[in-house]
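Here the structure is laid out as structure tokens; the discussion comes afterwards.
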Amino acid sequence: MFGVGMPELLVILVVALIIFGPKKLPELARSLGKGFAEFKKASHEFKNAMDMESEKNEKGEAAGKSAAIPKETAALASSPLQTETPSGVEQKAAGPEQEPAKTGPEPKA
107 MFGVGMPELL VILVVALIIF GPKKLPELAR SLGKGFAEFK KASHEFKNAM
157 DMESEKNEKG EAAGKSAAIP KETAALASSP LQTETPSGVE QKAAGPEQEP
207 AKTGPEPKA
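If you want it as structure tokens, here you go:
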């Protein structure tokens, strides 16, 4: 307990008995015990509040991820003539190919 052995604890109790006297020592011990109990209760409540908050955040992140997937799917389905390549460049769906415009006389072979 806090690195205090039996001899050190005995010295502390004797000094407390001398300083406070036999009449005030039980009252002091009671108030010290109540103080420790209040501290323990407050730390337990704080820990519970932090745990509840972290669970709420984890649930919110999980719900956000599952809601994002249908939005992306709906965006892709709304433009059927456009497809996205892995490189991120959009291309139009296959259609009739057009020849490039000719700008001059054809070379003779």
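Take 107 as the starting number for the sequence shown in my numbering and just add one per residue.
From the three backbone atoms N, C-alpha and C, an ideal C-beta is built for every residue, glycine too.
Measure the alpha-carbon distance for Met158 versus Ala143 and round it to whole angstroms. 23 Å
My understanding is that Phe126 touches Leu134, with C-beta atoms under 8 Å, so please give their C-beta distance in whole angstroms. 6 Å
Where Gly170 and Met156 are concerned, what is the direct C-alpha to C-alpha distance, given to the nearest angstrom? 21 Å
Separation of Gly141 from Ser160, as counted between CA atoms: 29 Å
Comparing the CB of Lys162 with every heavy atom of the ligand NAD, is any distance shorter than 8 Å? This structure simply doesn't include the ligand NAD, nor any ligand for that matter.
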